[in-house]
Structures are given as structure tokens and as C-alpha cells.
Amino acid sequence: MELPPKRPDMVSSDPTEMNASDIGTTNASGRFPAHPELRFLTICLSIQLLANLLILPFIWGEGEGGRRRKLRKIAPDVLEQYSELQASFELPVGTVSIPYRFMPPLKQKQERKYPLVLFLHGAGSRGTDNTQQLGALPSQLANPPWREKYACYVLAPQCPREKWWGQSEMVEVLVALLKRTLNEHPLIDSDRIYLIGLSMGGNGCWALSASHPDFFAGVAPFCGQGDPSTAPALVNIPVWVVHGDADQVIDVSWSRNMVEALEKENGNVIYHELKGVGHNCWQDDFSEPSQMMEWMFQQMKRSIH
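Going by this note's numbering, the first residue of the sequence shown is number 110, and it counts up by one from there.
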């Protein structure tokens with residue numbers, strides 16, 4: 110599902126604050142105004158204002174307010190465990206480059222294969238610094254106890270600014286990056302590829318898994334937006350969904366609707382709706398002990414008929 114980019118600089122002036130010299134003569138009641146052209150303009154401005162008010166929580170929620178947001182500090186011991194990489198892909202829209210980080214299992218044995226976790230960050234971590242996407246789950250997976258407990262490869266791409274993971278162009282980029290990673294690392298178990306994302310990354314989880322369900326053994330979208338019409342494509346993938354019912358950034362109804370659509374298709378879905386929890390609903394599952402991680406690492410890819 111494609112979601113339009115959200116920009117705070119698009120908020121228009123409140124038409125109710127305009128005076129008569131701005132737009133013309135008002136009628137006797139003081140309302141705008143009898144002329145059809147001006148009435149149409151007023152309605153258009155009101156609709157635009159309302160639309161912007163509705164999308165502003167997405168922009169400024171979760172601490173992702175563009176210039177006002179401080180960059181997340183990633184611990185040096187986390188950075189040193191991830192290779193810093195860049196990839197370019199030729200797409201119908203042209204050449205698209207994407208920075209990404211990659212971490213192998215702590216102790217690899219040639220006689221076995223390991224799962225791959227593909228992590229999609231939220232909107233506030235977009236950019237080109239190739240570090241901000243390592244917050245949350247990638248940092249936790251770099252901790253020695255988790256590297257021992259969840260021996261896996263970790264792939265953490267960074268979405269460019271002005272783009273979003275659910276966009277069809279970025280879905281293509283993620284597919285190309287995933288294919289390249291599988292070709293370069295033969296010890297990755299293609300039957301245990303796990304897709305996890307939060308907020309905008311949750312959107313990407315729904316979009317990517319629906320467009321390429323054959324890749325994934327398990328998917329965990331946190332507080333994401335999905336398209337219920339894609340549910341038939343997801344019936345063979347175990348899905349772990351989390352959303353706070355007090356989320357002011359992405360309304361909980363998005364997850365409820367996806368879960369309902371999956372249940373109607375007899376899909377394999379687990380839903381945790383957290384009472385009184387806002388947008389940062391992933392914190393418990395990205396810390397020890399993690400029910401989600403325990404569940405995820407038990408999943409194996411099922412045959413799709």
C-alpha cells in the first residue's frame with residue numbers, strides 16, 4: 110500500500126482568519142460570501158486545512174519532527190558490529206541508492222544456516238547517515254546476550270528522505286537488496302527470513318510481505334498501516350501484530366482492520382492491542398524477555414500453493 114509523504118510545511122492559513130479585504134465582500138450574515146468563486150475557494154481552503162490537521166500527528170508524533178528532532182545516539186559498540194554498506198539498483202524510475210547496515214551471526218559454523226532479520230525503521234530515522242536505523246531492535250540484537258540467544262544475520266536499510274517503506278518504488282528496492290544479500294551470504298537460511306518493522310516500517314512490513322509473501326517465514330508489523338484487500342496474499346505467513354489503543358500517530362483501527370481481514374481469510378495472526386499505550390508500542394518486544402522474538406525464531410516458511 111502506498112502512503113503519501115507527510116510534510117509539515119504544507120499547512121495552509123485558516124480561511125476563517127481572512128478579512129474582507131483579503132477575499133472580497135462578505136454577505137450580511139458575515140459568512141463567506143455570496144459569489145460562487147469565493148465560496149468555492151473558501152471550501153477548498155477549509156478542506157486543505159482539515160487534511161493537514163489530520164496528517165500532522167503522523168509527522169510530529171513519535172518524536173520525528175524533522176529539524177526539531179535530535180539525532181539518536183547509537184552506541185559505538187553497536188556501530189562496530191554492523192558493516193556500513195551502500196547499494197544502487199536500476200529501477201523503472203531510474204537508479205536508486207540506499208545505505209544499509211549488515212551484521213552476521215557472532216559465531217558462524219559452516220555446517221549450519223542462520224535466520225535473517227530484515228528490520229524496517231520508522232519515519233524519523235530516514236536519511237543518509239546510515240546510523241539512525243540501528244536504534245530499537247538492531248541495537249538490541251547487537252547486545253552479546255541476544256547475539257548468543259538469537260544467532261542470526263541482521264539487515265537494516267535506511268529509507269531516503271522524502272520516501273517511505275510502503276511506496277512501491279521502495280518495495281522494489283527492498284526486494285532487490287534482499288536478493289543481493291541472499292546471493293552474497295549462502296549461510297542465510299531462506300526458510301527463516303523474518304520481517305520486523307515499526308510505524309512507517311510497519312507499513313513497509315504489510316506492503317512488502319503482501320507483494321512478496323514467498324520470502325518470509327514470519328512478519329511483525331508494529332503500529333503500521335496496511336491494506337485489508339491484501340489479506341489473501343498473507344494467509345500463509347505467520348503475523349504478529351502490535352498496536353497501542355492510545356496511539357495518536359497511527360490510529361489503532363489500521364491494525365484492527367488488517368487483523369480482521371486476515372481472520373476472515375483464516376490467516377495465522379496473533380494480535381496484541383495494548384491498553385493505554387501510545388505510539389511506542391514496541392518497547393516490550395524489543396527488550397528481554399521478548400515474546401515476539403521467541404515466537405518469531407520458531408517460524409519456518411510454509412509452502413504456498
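Where is the CB? At the ideal position from N, CA and C, for every residue including glycine.
Runs of the alpha helix (DSSP H) lying entirely within the stretch 292-368, each at least 4 residues long, are 309-320 in chain order. Tyr191 and Tyr223 do not touch by the CB rule: their CB atoms are close to 16 Å apart, not below 8 Å. Our two residues, Thr339 and Thr240, have alpha carbons roughly 32 Å apart in a direct line. Taking a contact as a CB-CB distance under 8 Å, the pair Ile207 and Pro266 counts as one, their CB atoms being some 5 Å apart. Per DSSP, the continuous beta strand (DSSP E) segment holding Met212 begins and ends at 203-212.
Separation of Pro213 and Ala370 (C-alpha to C-alpha, rounded to the nearest whole angstrom) is 36 Å. Looking at the backbone, the Cα of Asn252 and that of Val226 are separated by about 15 Å. If you compare the alpha carbons of Arg210, Arg256, Gln408 with that of Ala326, the shortest gap goes to Gln408. Residue range 192-200 is occupied by the beta strand (DSSP E) that includes Ser197.
In the three-state DSSP reduction, Pro269 falls in the coil class, being neither helix nor strand. The beta-carbon separation of Met309 and Ala232, rounded to 4 Å, stays under the 8 Å limit for a contact.
Taken through DSSP and simplified to helix, strand or coil, Pro398 comes out as coil. In its chain, beyond the 5 residues on either side, Pro114, Arg235, Glu278, Met279 have a beta carbon closer than 8 Å to the beta carbon of Lys272.
Between the alpha carbons of Ala285 and Leu317 lies a distance of about 12 Å.
In this structure, Val350 and Met367 form a Cβ contact; the two beta carbons are roughly 7 Å apart against a cut-off of 8 Å. Counting only residues of its own chain and dropping the five nearest sequence neighbours on each side, Leu296 has a CB closer than 7 Å to the CB of Gln217, Lys222, Tyr223. In its chain, beyond the 5 residues on either side, Gly385, Val386, Gly387 have a beta carbon closer than 7 Å to the beta carbon of Ala355.
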